[in-house]
Amino acid sequence: MTTQYSDYVRRLEHLLEVCKNLPASLDLQPLLQTIIETSSDLTNSEFSLIYIFVKEKGFLQLAAAPFFMRKDLEAAVVPSDRSIAGRVMETGQSIVYHDLAIHDEIFKLLNWEIEQGFKSILAVPLVHKGETIGVLEAVNKAKQEPYNDEDLMFLDTLSSQAATALRNHQLIEEAEQSYIKAMELDRMKSDFIAISSHELRTPLGIIIGHVALMMEQCDPAQKKDLEVISSSANRLRDLIDQLGNIDQLSVLGGKIKRDRLDVAMLVQSVVDAQRQPALDQKILLLMKDPAQNLWVEGDADRIRIAVRNLVQNAIQFSNPGGKILVSVDQMPGYVKIAVSDNGIGIPKEEQQKIFDRFYQVERHLTRHHRGMGLGLAVAKEMVDLHRGKITVESIEGKGSRFTILLPINMAQVDAAGKVFS
Ligand code: ADP
Numbered sequence: 479m480t481t482q483y484s485d486y487v488r489r490l491e492h493l494l495e496v497c498k499n500l501p502a503s504l505d506l507q508p509l510l511q512t513i514i515e516t517s518s519d520l521t522n523s524e525f526s527l528i529y530i531f532v533k534e535k536g537f538l539q540l541a542a543a544p545f546f547m548r549k550d551l552e553a554a555v556v557p558s559d560r561s562i563a564g565r566v567m568e569t570g571q572s573i574v575y576h577d578l579a580i581h582d583e584i585f586k587l588l589n590w591e592i593e594q595g596f597k598s599i600l601a602v603p604l605v606h607k608g609e610t611i612g613v614l615e616a617v618n619k620a621k622q623e624p625y626n627d628e629d630l631m632f633l634d635t636l637s638s639q640a641a642t643a644l645r646n647h648q649l650i651e652e653a654e655q656s657y658i659k660a661m662e663l664d665r666m667k668s669d670f671i672a673i674s675s676h677e678l679r680t681p682l683g684i685i686i687g688h689v690a691l692m693m694e695q696c697d698p699a700q701k702k703d704l705e706v707i708s709s710s711a712n713r714l715r716d717l718i719d720q721l722g723n724i725d726q727l728s729v730l731g732g733k734i735k736r737d738r739l740d741v742a743m744l745v746q747s748v749v750d751a752q753r754q755p756a757l758d759q760k761i762l763l764l765m766k767d768p769a770q771n772l773w774v775e776g777d778a779d780r781i782r783i784a785v786r787n788l789v790q791n792a793i794q795f796s797n798p799g800g801k802i803l804v805s806v807d808q809m810p811g812y813v814k815i816a817v818s819d820n821g822i823g824i825p826k827e828e829q830q831k832i833f834d835r836f837y838q839v840e841r842h843l844t845r846h847h848r849g850m851g852l853g854l855a856v857a858k859e860m861v862d863l864h865r866g867k868i869t870v871e872s873i874e875g876k877g878s879r880f881t882i883l884l885p886i887n888m889a890q891v892d893a894a895g896k897v898f899s
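The sequence shown begins at 479 in this note's numbering and counts up by one.
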């Protein structure tokens, strides 16, 4: 084997090794370092550089340079219109200069590299999926030899692998930034909800208290007006409570109480509290007697909120003369709560979306019903906290049936989840 041939094989092996490992490289700095070191070795150059195109700002930035250049050039902005790298970036074509001193006259304009004292250059674009994301430059071929076709072939292959690895890094970084931004927005939203619901609740409590007092003392002519104020204020408090519930869920995370609860009694208390509002709408609200006491492990306040939201919806989306039936039944490993109405029903294509926050079937400007589109989202989150399930079956114009399945033993569901995940 001639020395030339064995050097070729060695470089090929080096290239293959690097290409195999580049995609797995997780940290940006070691990745950049590997690319420039490999580039110098493959082309027998004194050193190599990587320029990255910063899209938002429209300039080329030096992203990797050898240690002896780094101090003054670290993250330097490279003039695109006055550098060989800029020309490669612009045209997407490789450029080779064997002796920059000779080209000095011709390429007066592209003199950034000449100013750095570079003597010869092989520059290739870093192209990912047809988009040039930067430039890889090998500088000062050893013994002042000219760069040849082999060097170009090696650098081209390395650059395409490097471009993919770098783009992956950029995407990961962009995803991380978006995640941080989303978290920040989410925190701001939670703060806003927490502060505004707290600030609204206090004066509202005073209004409700005073109206109740006035209703006891007023003459009958004024009572009707006060009742309107009282019912509107109570409605406002319900809305604020819904917002508070959503906010509490983000603060709570997955934490809930794990008390032993009689679900039938709990549901009965919700139904009793909603019977009068249902009658006011001329709707019959009934509860089927459970065959036995039905126990689950859970948080009474949160289950109550979920069931109340279903019953309130059933009342709201039923017509006068309508009938709502609530039942609680034992299932293997679960207790099933069902709320059925013969109201307006929900179109098939809307049935999964209604569990999203702020989603309502009727468009905002034309809607006839009140609410913020939070009731079902809150109910779902409350049920999820219990490792349960909430589902809907509905036929438009005929009615809806919402079902909550609550596991009797949450720990068992957790354990099963781990086994099957
Ligand atoms: P809202 O508080 O606005 O009622 P929800 O999250 O409770 O919000 O419900 C979302 C949407 O689902 C409602 O706007 C309504 O269109 C639909 N919906 C919920 N329950 C029923 C039901 N029992 N019958 C018909 N539509 C319903």
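Even glycine gets a Cβ: it sits at the ideal position worked out from N, Cα and C.
Checklist line | Own chain residues within Cβ distance below 6 angstroms of N820, not counting five before or after | finding: For this step, residue 820 is matched to residue 342 along the sequence shown. Counting only Cβ-Cβ distances below 6 angstroms, and skipping sequence neighbours, we find G800, K801 and G877.
Check: Do N787 and A857 come within 8 angstroms of each other at the CB atom, strictly closer than that value?
Finding: Mapped onto the sequence shown, residue 857 falls at position 379. Mapped onto the sequence shown, residue 787 falls at position 309. Yes, Cβ-Cβ distance for A857 and N787 is below 8 angstroms.
Next item on the list: Would you mind giving the Cβ-Cβ distance between A542 and I514, rounded to the nearest angstrom? I have them listed as a contact below 8 angstroms.
Entry: Taking the sequence shown and counting its residues from 1, the one referred to as residue 542 is at position 64. Taking the sequence shown and counting its residues from 1, the one referred to as residue 514 is at position 36. About 5 angstroms separates the two Cβ atoms, so the contact holds.
Notebook entry, point to check: Going by DSSP, which residues form a beta bridge with L721?
Noted result: Residue mapping note: residue 721 aligns to position 243 of the sequence shown, counting from 1. DSSP, once it has assigned bridges, lists no residue as partnering L721.
Checklist line | Integer-rounded CB distance, given that A643 should sit under 8 angstroms from S503 | finding: Translated into the one-based positions of the sequence shown, residue 503 becomes position 25. Translated into the one-based positions of the sequence shown, residue 643 becomes position 165. About 6 angstroms separates the two Cβ atoms, so the contact holds.
Next item on the list: Scan the segment 671 to 756 and note each continuous alpha helix (DSSP H) run of 4 residues or more that stays entirely inside, going in chain order.
Entry: 698 to 730
Note to self: Given 7 angstroms as the limit, tell me if E840 has its C-beta closer than that to any heavy atom belonging to the ligand ADP.
What the structure shows: Counted from its first residue, the sequence shown places residue 840 at position 362. Correct: E840 has its Cβ closer than 7 angstroms to the ligand ADP.
Checklist line | Own chain partners of Q746 with C-beta closer than 8 angstroms, once the 5 adjacent residues on each side are dropped | finding: Here residue 746 corresponds to residue number 268 of the sequence shown, with the count starting at 1. The residues are M765.
Notebook entry, point to check: Over what stretch of residues does the alpha helix (DSSP H) that includes Y486 continue unbroken?
Noted result: If you number the sequence shown from 1, residue 486 lands on position 8. Segment T481 to N499, the alpha helix (DSSP H) holding Y486.
Notebook entry, point to check: So, helix, strand or coil for D577, using DSSP?
Noted result: Position 99 of the sequence shown, counting from 1, holds the residue named residue 577. DSSP places D577 in coil when its eight states are reduced to three.
Notebook entry, point to check: Relative to the ligand ADP, is the shortest distance from any of its heavy atoms to the C-beta of N791 smaller than 7 angstroms?
Noted result: For this step, residue 791 is matched to residue 313 along the sequence shown. Yes, the ligand ADP has a heavy atom inside 7 angstroms of this Cβ.
Check: Contact between the segment 816 to 832 and the segment 855 to 873: three or more CB pairs below 8 angstroms?
Finding: yes
Margin query: Tell me the residue span of the alpha helix (DSSP H) that contains I832.
Written below: Here residue 832 refers to the residue found at position 354 when the sequence shown is read from its first residue. Run containing I832: none; DSSP gives neither H nor E here.
Checklist line | Distance CB(A563)-CB(A601) smaller than 8 angstroms | finding: Numbered from 1 along the sequence shown, position 85 holds the residue referred to as residue 563. Numbered from 1 along the sequence shown, position 123 holds the residue referred to as residue 601. Yes. Within cutoff.
Check: In this structure, does DSSP put H647 in helix, strand or coil?
Finding: For the purposes of this step, residue 647 is taken as the residue at position 169 of the sequence shown. Of the three classes helix, strand and coil, the one that applies to H647 here is helix, per DSSP.
Next item on the list: With hydrogens ignored, establish whether the beta-carbon of A554 is closer than 7 angstroms to any heavy atom of the ligand ADP.
Entry: Counted from its first residue, the sequence shown places residue 554 at position 76. No, Cβ of A554 sits at least 7 angstroms from all heavy atoms of the ligand ADP.
Notebook entry, point to check: How would you call Y625, buried or exposed, if buried means at least 16 neighbouring beta carbons within 10 angstroms?
Noted result: In the sequence shown, residue 625 corresponds to position 147, counting from 1. Y625 comes out buried.
Item checked: D862 to K814 span [Cα, whole Å] -> Looking up residue 862 in the sequence shown gives position 384. Looking up residue 814 in the sequence shown gives position 336. Cα to Cα, D862 sits roughly 14 angstroms from K814.
Check: Does the segment 706 to 714 come close enough to the segment 750 to 767 to have 3 or more Cβ pairs within less than 8 angstroms?
Finding: no
Next item on the list: Could you tell me if the beta carbon of N787 falls within a distance shorter than 7 angstroms of some heavy atom in the ligand ADP?
Entry: One-based indexing of the sequence shown puts residue 787 at position 309. Indeed, a heavy atom of the ligand ADP lies less than 7 angstroms from the Cβ.
Notebook entry, point to check: In terms of residues, what are the limits of the alpha helix (DSSP H) holding D519?
Noted result: Taking the first residue of the sequence shown as position 1, residue 519 is located at position 41. Segment L506 to T521, the alpha helix (DSSP H) holding D519.
Item checked: Proximity below 8 angstroms, CB of L721 to CB of I671 -> Working through the sequence shown from its first residue, we reach residue 721 at position 243. Working through the sequence shown from its first residue, we reach residue 671 at position 193. Cβ atoms of L721 and I671: closer than 8 angstroms.
Check: What is the residue span of the beta strand (DSSP E) that G877 lies within?
Finding: To locate residue 877, count along the sequence shown from 1; it is residue 399. Unbroken beta strand (DSSP E) run through G877: G877 to P885.
Next item on the list: Identify whether S668 lies in helix, strand or coil by the three-state DSSP scheme.
Entry: Within the sequence shown, the letter at position 190 stands for residue 668. Looking at S668 - three-state DSSP - the assignment turns out to be helix.
Next item on the list: Can you tell me the Cβ-Cβ gap for I793 and I761, rounded? I've got them flagged as a contact below 8 angstroms.
Entry: If you number the sequence shown from 1, residue 793 lands on position 315. If you number the sequence shown from 1, residue 761 lands on position 283. Between I761 and I793 the Cβ distance is about 6 angstroms, and since that is below 8 angstroms, they are a contact.
Check: For the ligand ADP, is there a heavy atom less than 7 angstroms away from the beta-carbon of L854?
Finding: Locating residue 854 in the sequence shown gives position 376, where the first residue counts as 1. True, at least one ligand heavy atom lies under 7 angstroms from that Cβ.
Note to self: Quick check on DSSP: helix, strand or coil for Y529?
What the structure shows: Looking up residue 529 in the sequence shown gives position 51. Here Y529 sits in strand by DSSP.
Item checked: Residues bridged to S872 [DSSP beta-bridge criterion] -> Walking along the sequence shown from the start, residue 872 turns up at place 394. S878.
Next item on the list: Assign S656 to buried or exposed, taking buried as 16 or more other Cβ atoms, counted over all protein chains shown, within 10 Å of its Cβ.
Entry: On the sequence shown, residue 656 is found 178 positions in, with the first residue counted as 1. Its Cβ having fewer than 16 others within 10 Å, S656 is exposed.
Check: Q770 lies in the alpha helix (DSSP H); which residues open and close that run?
Finding: Within the sequence shown, the letter at position 292 stands for residue 770. Where Q770 is concerned, there is no enclosing alpha helix (DSSP H), given that its DSSP letter is neither H nor E.
Margin query: Assuming contact is defined by CB atoms lying nearer than 8 angstroms, are V774 and L739 in contact in what I supplied?
Written below: Mapped onto the sequence shown, residue 774 falls at position 296. Mapped onto the sequence shown, residue 739 falls at position 261. Result yes, Cβ atoms of V774 and L739 sit closer than 8 angstroms.
Next item on the list: Let me know if N723 comes out buried or exposed under the rule of 16 or more other beta-carbons within 10 Å of its beta-carbon.
Entry: Residue mapping note: residue 723 aligns to position 245 of the sequence shown, counting from 1. N723 comes out buried.
Check: Is G823 near the ligand ADP, in the sense that its beta carbon is under 7 angstroms from a heavy atom of that ligand?
Finding: The residue you call residue 823 lines up with position 345 of the sequence shown. True, at least one ligand heavy atom lies under 7 angstroms from that Cβ.
Next item on the list: Could you say which of Q507, L506, D505 and L520 lies nearest to E495 if we only look at CA atoms?
Entry: Translated into positions along the sequence shown, residue 495 becomes position 17. Taking only the C-alpha atoms, the option nearest E495 is L520.
Item checked: For G612, the residue or residues it bridges with in DSSP -> Translated into the one-based positions of the sequence shown, residue 612 becomes position 134. Beta-bridge pairing links G612 to I530 and L604.
Next item on the list: Spell out the partners DSSP gives S561 in its beta bridges.
Entry: Position 83 of the sequence shown, counted from the start, is the residue given in the question as residue 561. DSSP output for S561 lists no bridge partner at all.
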